[in-house]
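Participant: The UniProt record's numbering puts the last residue of the sequence shown at 145; the count rises by one with no breaks.
Where is the CB? At the ideal position from N, CA and C, for every residue including glycine.
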Amino acid sequence: MTQQINQRTAVAAVVVLDGPYREVMDLLEQARSHAERSRRTGYPRRMPPSRGRTRASCEALRVTTRLSQCLAWLMVQKAIHAGELPPEAARDPGNRLDGHDVCSVTDAEQDPEISDELRSLLTRSRRLFERVSRLDDRIGGGRRS
(Lines of atoms letter the chains of each structure in order from A and count residues from 1; the text may use other names and numbers.)
(Lines give C-alpha, C1' and ligand atoms only; values in the text may rest on other atoms or scores of the structure.)
Protein backbone atom coordinates (compact mmCIF):
# COMPACT_ATOMS: atom_id res chain seq x y z
CA MET A 1 0.00 0.00 0.00
CA THR A 2 2.80 2.46 0.91
CA GLN A 3 4.58 1.70 -2.35
CA GLN A 4 1.34 2.36 -4.25
CA ILE A 5 0.92 5.74 -2.50
CA ASN A 6 4.56 6.64 -3.26
CA GLN A 7 4.03 5.77 -6.92
CA ARG A 8 0.91 7.95 -7.05
CA THR A 9 2.79 10.82 -5.41
CA ALA A 10 5.64 10.45 -7.89
CA VAL A 11 3.23 10.38 -10.85
CA ALA A 12 1.40 13.46 -9.52
CA ALA A 13 4.71 15.29 -9.05
CA VAL A 14 5.83 14.51 -12.59
CA VAL A 15 2.48 15.70 -13.97
CA VAL A 16 2.87 18.97 -12.02
CA LEU A 17 6.31 19.42 -13.60
CA ASP A 18 5.22 18.57 -17.15
CA GLY A 19 3.19 21.77 -17.57
CA PRO A 20 6.04 24.14 -16.67
CA TYR A 21 8.48 22.02 -18.69
CA ARG A 22 6.32 22.30 -21.82
CA GLU A 23 5.89 26.02 -21.18
CA VAL A 24 9.66 26.54 -20.86
CA MET A 25 10.26 24.70 -24.11
CA ASP A 26 7.54 26.68 -25.88
CA LEU A 27 8.90 30.01 -24.62
CA LEU A 28 12.45 29.01 -25.57
CA GLU A 29 11.25 28.33 -29.12
CA GLN A 30 9.44 31.68 -29.22
CA ALA A 31 12.53 33.49 -27.88
CA ARG A 32 14.68 31.81 -30.53
CA SER A 33 12.21 32.82 -33.24
CA HIS A 34 12.17 36.38 -31.90
CA ALA A 35 15.98 36.55 -32.00
CA GLU A 36 16.01 35.13 -35.52
CA ARG A 37 13.42 37.66 -36.74
CA SER A 38 15.30 40.46 -35.01
CA ARG A 39 18.47 39.58 -36.86
CA ARG A 40 16.64 39.30 -40.20
CA THR A 41 14.66 42.54 -39.88
CA GLY A 42 17.38 44.62 -38.34
CA TYR A 43 15.68 45.07 -34.97
CA PRO A 44 17.03 46.38 -32.64
CA ARG A 45 19.16 48.42 -35.09
CA ARG A 46 16.00 50.40 -35.93
CA MET A 47 15.82 51.47 -32.30
CA PRO A 48 17.47 54.67 -31.11
CA PRO A 49 21.23 54.17 -30.97
CA SER A 50 22.98 52.89 -27.92
CA ARG A 51 20.57 52.89 -25.01
CA GLY A 52 17.60 51.38 -26.85
CA ARG A 53 19.58 48.64 -28.54
CA THR A 54 21.50 47.81 -25.41
CA ARG A 55 18.28 47.70 -23.39
CA ALA A 56 16.58 45.36 -25.88
CA SER A 57 19.62 43.06 -25.92
CA CYS A 58 19.81 42.99 -22.11
CA GLU A 59 16.11 42.21 -21.82
CA ALA A 60 16.35 39.41 -24.40
CA LEU A 61 19.15 37.96 -22.26
CA ARG A 62 16.91 38.29 -19.19
CA VAL A 63 14.27 36.15 -20.94
CA THR A 64 16.93 33.55 -21.79
CA THR A 65 18.28 33.59 -18.23
CA ARG A 66 14.83 33.04 -16.73
CA LEU A 67 14.09 30.18 -19.07
CA SER A 68 17.51 28.58 -18.60
CA GLN A 69 17.15 28.72 -14.82
CA CYS A 70 13.68 27.18 -15.02
CA LEU A 71 14.76 24.45 -17.42
CA ALA A 72 17.78 23.50 -15.29
CA TRP A 73 15.61 23.30 -12.17
CA LEU A 74 12.94 21.24 -13.93
CA MET A 75 15.55 18.81 -15.30
CA VAL A 76 16.88 18.23 -11.76
CA GLN A 77 13.35 17.58 -10.50
CA LYS A 78 12.66 15.13 -13.32
CA ALA A 79 15.94 13.33 -12.55
CA ILE A 80 14.93 13.07 -8.88
CA HIS A 81 11.51 11.66 -9.79
CA ALA A 82 13.10 9.21 -12.24
CA GLY A 83 15.41 7.95 -9.48
CA GLU A 84 18.53 9.27 -11.20
CA LEU A 85 19.22 11.62 -8.27
CA PRO A 86 18.38 11.13 -4.60
CA PRO A 87 15.47 13.17 -3.16
CA GLU A 88 17.93 15.18 -1.02
CA ALA A 89 19.31 16.66 -4.24
CA ALA A 90 16.29 19.01 -4.28
CA ARG A 91 17.75 20.82 -1.25
CA ASP A 92 21.29 21.05 -2.61
CA PRO A 93 22.04 24.77 -3.17
CA GLY A 94 23.50 23.97 -6.59
CA ASN A 95 20.20 22.43 -7.67
CA ARG A 96 17.95 25.21 -6.41
CA LEU A 97 16.48 27.88 -8.68
CA ASP A 98 18.94 30.75 -8.91
CA GLY A 99 19.23 34.20 -10.45
CA HIS A 100 16.41 35.89 -8.52
CA ASP A 101 18.24 39.23 -8.54
CA VAL A 102 18.30 39.28 -12.36
CA CYS A 103 15.13 37.32 -13.10
CA SER A 104 12.78 39.30 -10.83
CA VAL A 105 13.30 42.67 -12.55
CA THR A 106 10.08 43.85 -14.25
CA ASP A 107 10.60 47.46 -15.39
CA ALA A 108 11.13 46.66 -19.09
CA GLU A 109 7.73 44.97 -19.34
CA GLN A 110 6.20 48.46 -19.65
CA ASP A 111 8.96 50.09 -21.74
CA PRO A 112 7.42 51.36 -25.01
CA GLU A 113 10.86 51.35 -26.68
CA ILE A 114 10.91 47.55 -26.48
CA SER A 115 8.91 45.58 -29.04
CA ASP A 116 5.53 44.16 -28.05
CA GLU A 117 6.82 40.66 -28.75
CA LEU A 118 9.80 41.05 -26.41
CA ARG A 119 7.63 42.63 -23.71
CA SER A 120 5.28 39.67 -23.97
CA LEU A 121 8.20 37.24 -23.65
CA LEU A 122 9.45 39.20 -20.64
CA THR A 123 6.08 39.03 -18.89
CA ARG A 124 5.43 35.36 -19.63
CA SER A 125 8.97 34.26 -18.71
CA ARG A 126 8.78 36.20 -15.42
CA ARG A 127 5.45 34.64 -14.51
CA LEU A 128 6.84 31.19 -15.26
CA PHE A 129 9.98 31.95 -13.23
CA GLU A 130 7.78 33.04 -10.30
CA ARG A 131 5.75 29.81 -10.46
CA VAL A 132 8.87 27.66 -10.61
CA SER A 133 10.31 29.71 -7.74
CA ARG A 134 7.27 28.87 -5.60
CA LEU A 135 7.71 25.17 -6.45
CA ASP A 136 11.40 25.42 -5.54
CA ASP A 137 10.52 27.05 -2.21
CA ARG A 138 8.09 24.23 -1.40
CA ILE A 139 10.32 21.38 -2.54
CA GLY A 140 13.62 22.85 -1.41
CA GLY A 141 12.49 23.90 2.04
CA GLY A 142 12.04 27.65 1.66
CA ARG A 143 13.57 30.59 -0.15
CA ARG A 144 17.31 30.57 -0.69
CA SER A 145 19.21 33.41 0.87
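Considering only the beta carbon of each residue, do R131 and R66 sit closer than 8 Å?
Facilitator: no
Participant: Just tell me which of D92, V63, G19, R55 has its CA closest to the CA of R32.
Facilitator: V63
Participant: For D18, name the three-state secondary structure that DSSP assigns.
Facilitator: helix
Participant: Taking a contact to mean a Cβ-Cβ separation below 8 Å, would you say H34 touches L121 in this structure?
Facilitator: yes
Participant: Work out the CA separation of V76 and D98 for me, nearest whole Å.
Facilitator: Roughly 13 Å separates the two Cα atoms.
Participant: To which residues of the same chain is E113 closer than 6 Å at the C-beta, ignoring the five residues directly before and after it?
Facilitator: Short of 6 Å from the beta carbon of E113, and not among the five residues preceding or following it, lie these beta carbons of its own chain, in chain order: G52.
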